[in-house]
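The block underneath contains the structure these notes are about, expressed in structure tokens.
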Amino acid sequence: MTYQTALALALPFGLAIAAFGSAIGLGRAVSAAMEAMGRQPEAAGKIQVGMIIGCALLEALTIYALVTVFVLSGKIG
Amino acid sequence: MIRILNILLLLVSTGAKEAGKKAAEQGAPELPNFITLLYERYGKTALVQFLHTWQNVVFSLIIILILGFVAYFSSRRKTLLPGKLQNFMEIAVESLDNFICGILGPRGRQFTPFLGTLFIYILCMNFLGLIPGMKSPSSSLNTTVALAICVFLYVQFTGIKNLGIIGYLDHLAGNPRDFVTWALVPINLPIHIIGELAKPMSLSLRLFGNITGEDILIAVFVSLGVMALSFLNLPVGLPLQVPFIFLALLTGTIQALVFTLLSTIYFLLMFPHEEEKH
Chain A
9 MTYQTALALA
19 LPFGLAIAAF
29 GSAIGLGRAV
39 SAAMEAMGRQ
49 PEAAGKIQVG
59 MIIGCALLEA
69 LTIYALVTVF
79 VLSGKIG
Chain B
1006 MIRILNILLL
1016 LVSTGAKEAG
1026 KKAAEQGAPE
1036 LPNFITLLYE
1046 RYGKTALVQF
1056 LHTWQNVVFS
1066 LIIILILGFV
1076 AYFSSRRKTL
1086 LPGKLQNFME
1096 IAVESLDNFI
1106 CGILGPRGRQ
1116 FTPFLGTLFI
1126 YILCMNFLGL
1136 IPGMKSPSSS
1146 LNTTVALAIC
1156 VFLYVQFTGI
1166 KNLGIIGYLD
1176 HLAGNPRDFV
1186 TWALVPINLP
1196 IHIIGELAKP
1206 MSLSLRLFGN
1216 ITGEDILIAV
1226 FVSLGVMALS
1236 FLNLPVGLPL
1246 QVPFIFLALL
1256 TGTIQALVFT
1266 LLSTIYFLLM
1276 FPHEEEKH
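First to last, the sequence lines map onto chains A and B.
To convert, note that position 44 of the first sequence is 52 in the numbering used here; the numbers rise steadily by one, no gaps.
To convert, note that position 72 of the second sequence is 1077 in the numbering used here; the numbers rise steadily by one, no gaps.
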């Protein structure tokens, strides 16, 4: 198995696992935000801002995996 | 007028074919911008080679010129009952000021110029890539690392200025007061230093990854659209990338907001901690 084969097998799996993890985390964050907004609709603006920021921070970890895929996919072919 | 359209059509069709060829060679497709198109046609001249090497700087300069002109013209004659442009700029400045002072407190007003400019600059950089023929400078790691290093240096300088050198080292070592925390200093100090160094890295990579991801997504859909109508042998394509341009608007705004917010929070962490106990 050459390193190109190994990369070609591993990179999509790595990205898929990162996306899976962030999907779980984002689902939890957004569901908590929705619940809080339902309990107190007048604080919905602040809760929404906080949710967006939390989602961006969570997304960043998946983006690190995506950047790694970009950098390494040039070495495949 | 017709001649300009002819030249534009020639440049765009060359660019579409080159983009298609490039996408077949390398991994990540990229949309051509006007500097790449000029490079395909006139690549032998020194001026176009210079522009092509520094294309991110050229696009950043375009944004700086536009923002500078808007700022100059909106604050030339300040009237008490503002006109449209001054009104718009006042709304932008005041909402940014409220946002930053809401986190940093009334002492944060001295950081509003830096952080507000950071937000507007990153927002304009992210949006510039959506205009056909332009490229986001923040889709290159050089620009984002430069911005993150500026924020990092300013935060450390603010920390040293506010806390003093001894207080700054004390803050880095985790505020040792009694025997247990003094004994933990050899663990706390490297962890804090690595944490401080990780902050600009995460800031830059987050912005770079998001904007590059959006650009590549749009480029992939543009090439899909061109391939869909490739039987016509004309430089036209289905506009399949339009929903993703809206998505890119959203993520561009969010990433600018997150960059600014995180920089504000890094400033907040450098202020003396005694103020928070009330």
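Where is the CB? At the ideal position from N, CA and C, for every residue including glycine.
Model, not experiment: these values are computed from the prediction.
For residue i, count neighbouring Cβ atoms within 10 angstroms of its own Cβ and tell me buried if that reaches 16, exposed if not.
i                     : result
alanine 1188(B)       : exposed
threonine 70(A)       : buried
valine 1247(B)        : exposed
phenylalanine 9(A)    : Position check: residue 9(A) holds methionine in this sequence, whereas phenylalanine was assumed. It is exposed - the Cβ of methionine 9(A) has fewer than 16 other Cβ atoms within 10 Å.
isoleucine 1068(B)    : buried
lysine 1140(B)        : buried
serine 1209(B)        : buried
tyrosine 11(A)        : exposed
threonine 1265(B)     : buried
arginine 47(A)        : exposed
valine 1241(B)        : exposed
tyrosine 1044(B)      : buried
alanine 24(A)         : exposed
phenylalanine 1039(B) : buried
phenylalanine 1064(B) : buried
alanine 51(A)         : exposed
serine 1235(B)        : exposed
Where does residue i fall in DSSP's three states?
i                     : result
lysine 54(A)          : helix
aspartate 1175(B)     : helix
methionine 1139(B)    : coil
glycine 1048(B)       : coil
aspartate 1102(B)     : helix
serine 1207(B)        : helix
aspartate 1183(B)     : coil
glutamine 1246(B)     : coil
methionine 9(A)       : coil
phenylalanine 1162(B) : helix
isoleucine 84(A)      : coil
serine 1235(B)        : helix
asparagine 1038(B)    : coil
threonine 1084(B)     : coil
serine 1145(B)        : coil
glutamine 1060(B)     : helix
glycine 1110(B)       : coil
valine 1263(B)        : helix
proline 1277(B)       : coil
glycine 1218(B)       : helix
tyrosine 72(A)        : helix
alanine 31(A)         : helix
leucine 1189(B)       : coil
alanine 1033(B)       : coil
glycine 1200(B)       : helix
proline 1195(B)       : helix
Am I right that residue i and residue j are in contact with their C-beta atoms under 8 Å? What's the rounded C-beta distance?
i                : j                  : result
serine 1268(B)   : valine 1156(B)     : 5 Å
alanine 1177(B)  : leucine 1194(B)    : Correcting the residue identity first, residue 1177(B) is leucine in this sequence and not alanine. The Cβ separation is near 6 Å, so the contact holds.
proline 1205(B)  : isoleucine 1154(B) : 6 Å
serine 1145(B)   : glycine 1134(B)    : With a Cβ gap of about 11 Å, serine 1145(B) and glycine 1134(B) do not count as contacting.
cysteine 1129(B) : leucine 1072(B)    : 6 Å
leucine 19(A)    : valine 79(A)       : Actually they do not touch by this definition, with Cβ atoms about 10 Å apart.
Report all residues from its chain with a CB closer than 8 Å to the CB of residue i; omit the five preceding and five following residues, and keep chain order.
i                     : result
proline 1244(B)       : Gly1230
glycine 58(A)         : Ala41
phenylalanine 1093(B) : Ser1079
Please list, in chain order, all residues of the same chain as residue i whose beta carbon is under 7 Å from its beta carbon, the five residues on each side excluded.
i                     : result
methionine 1109(B)    : For clarity, residue 1109(B) is leucine in the given sequence; the question names methionine instead. Counting only Cβ-Cβ distances below 7 Å, and skipping sequence neighbours, we find Phe1116, Thr1269, Phe1272 and Leu1273.
phenylalanine 1226(B) : Leu1245, Gln1246 and Phe1249
alanine 1033(B)       : Ile1221
alanine 1253(B)       : Leu1135, Glu1219 and Ile1223
alanine 1233(B)       : Gly1242 and Leu1243
tyrosine 1159(B)      : Phe1119
Please go through the same chain and pick out, in chain order, the residues whose beta-carbon is closer than 6 Å to the beta-carbon of residue i, but skip the five residues on each side of it.
i                : result
alanine 86(A)    : Residue 86(A) is absent from the structure shown; chain A starts at 9 and stops at 85.
leucine 34(A)    : Cys63 and Leu66
isoleucine 55(A) : Ala41, Ala44 and Met45
Under 8 Å, with one C-beta from each stretch per pair, do the region 1117-1137 of chain B and the region 1251-1263 of chain B reach the 3-pair mark?
yes
Are at least three pairs of beta-carbons, each pair with one atom in the region 1158-1173 of chain B and one in the region 1126-1139 of chain B, less than 8 Å apart?
no
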